Amino acid sequence: MTHRLTEANLLEVWEGGLGGTAAARSLLLASLAAPAGEDVADLPLSTLNSLLLELRRGAFGDALPCTTDCPACGDSLDVSVAAAELRPPPGSTEGGVDGLLPVTATLTTGGVTVTFRALTGGDVRAVDPAAPRARRTLLRRCVVDVSPPPADDVPDEILEHVAGRLAELDPGADTVVALTCPQCAHRWEAALDVADQVWAEVCGYAHRLMHEVHSLARAYGWSEADVLAISPQRRQFYLEASAG
Ligand SMILES: [Zn+2]
Numbered sequence: 098m099t100h101r102l103t104e105a106n107l108l109e110v111w112e113g114g115l116g117g118t119a120a121a122r123s124l125l126l127a128s129l130a131a132p133a134g135e136d137v138a139d140l141p142l143s144t145l146n147s148l149l150l151e152l153r154r155g156a157f158g159d160a161l162p163c164t165t166d167c168p169a170c171g172d173s174l175d176v177s178v179a180a181a182e183l184r185p186p187p188g189s190t191e192g193g194v195d196g197l198l199p200v201t202a203t204l205t206t207g208g209v210t211v212t213f214r215a216l217t218g219g220d221v222r223a224v225d226p227a228a229p230r231a232r233r234t235l236l237r238r239c240v241v242d243v244s245p246p247p248a249d250d251v252p253d254e255i256l257e258h259v260a261g262r263l264a265e266l267d268p269g270a271d272t273v274v275a276l277t278c279p280q281c282a283h284r285w286e287a288a289l290d291v292a293d294q295v296w297a298e299v300c301g302y303a304h305r306l307m308h309e310v311h312s313l314a315r316a317y318g319w320s321e322a323d324v325l326a327i328s329p330q331r332r333q334f335y336l337e338a339s340a341g
């Protein structure tokens with residue numbers, strides 16, 4: 098049983114995400130698409146992205162709007178991208194994690210063996226990106242075991258080795274999309290943050306919906322609940338009729 102994003106809960110979801118950080122909003126949205134009772138904070142970032150894409154497909158369709166500037170000629174590009182066109186950035190191994198729980202990997206450097214796991218949404222939420230040494234704190238959370246145990250905490254060099262391996266442990270944590278400029282035919286890959294994208298769409302939809310409530314409440318004296326209970330098609334009719 099999965100939940101969805103609908104007009105009935107969209108304003109509540111938007112309100113719930115307003116005060117939070119980007120990481121908290123990502124978890125809030127992913128939890129709507131996750132099986133009931135599943136703690137999405139424990140999921141690796143690629144699984145969160147899949148949940149977010151599933152959620153937005155149900156609410157907004159498969160095509161993601163993508164607006165950016167061509168890095169070669171500066172022309173602005175406004176295209177739709179199918180969710181299936183999103184892929185891990187170059188350098189991360191294809192395939193990766195199928196399961197819902199982070200799997201671990203090990204690496205050996207300078208005689209030290211480190212066992213580490215993929216970053217989860219909960220890790221990202223727990224670390225303030227503006228805090229001193231935020232990157233270290235985040236990477237440290239991925240380390241499950243160090244053998245032999247270090248006298249002090251895990252050295253930075255080892256954490257940087259871990260950082261270099263995280264993408265192969267969770268290839269879909271970051272996503273890029275291949276673009277071609279219609280003006281100059283330049284081809285490049287642009288990073289697309291799924292959580293930011295879905296949140297921007299939720300905000301846009303919430304604002305349109307509230308404008309409609311405002312207009313119809315003023316025209317007909319209906320309450321917010323009255324307006325939200327009317328289908329989008331009927332609302333459109335009444336909006337046009339009341340404006341004419
Ligand atoms: Zn161009």
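As numbered in our numbering, residues 98 to 341 make up the sequence shown, in order. Where is the CB? At the ideal position from N, CA and C, for every residue including glycine. Here the structure is a predicted model, which means the values were calculated and not measured.
In this structure, ligand 1 has no non-hydrogen atom nearer than 7 Å to the beta-carbon of Asp175. When only Cα atoms are considered, Glu109 and Ala156 end up about 15 Å apart.
By the Cβ-count criterion, Gln294 is buried, with 16 or more other Cβ atoms from all chains shown falling within 10 Å of its own Cβ. If you draw a 10 Å sphere on the C-beta of Gly158, you find fewer than 16 other C-beta atoms in it, and that means exposed. Looking at the DSSP output, Leu174 sits in a beta bridge with Thr165.
Counting along the chain, the unbroken beta strand (DSSP E) around Leu204 starts and ends at 201–206. The three-state secondary structure of Val240, taken from DSSP, is strand. DSSP, reduced to helix, strand and coil, places Pro329 within a helical segment of the structure shown.
The set of residues whose C-beta lies within less than 6 Å of a heavy atom of ligand 1 reads, in chain order, Cys167, Ala169, Cys170, Asp172, Cys278, Gln280, Cys281, His283.
With respect to the 8 Å criterion, Val273 and Pro186 are classified as neighbours on the basis of their beta carbons. Non-local C-beta neighbours of Thr103 in its own chain, meaning closer than 8 Å and more than five positions away in sequence, comprise Ala156, ordered along the chain.
With fewer than 16 other Cβ atoms inside 10 Å of its own Cβ, Asp175 counts as exposed. For Glu257 and Leu204, the gap between their C-alpha atoms comes out near 12 Å. Distance from the Cα of Leu216 is smallest, within the candidate group Thr277, Ala120, Leu276, for Ala120. Ranked by how close their Cα comes to the Cα of Phe334, the residues Ala316, Ala322, Ser320 have Ala316 in first place.
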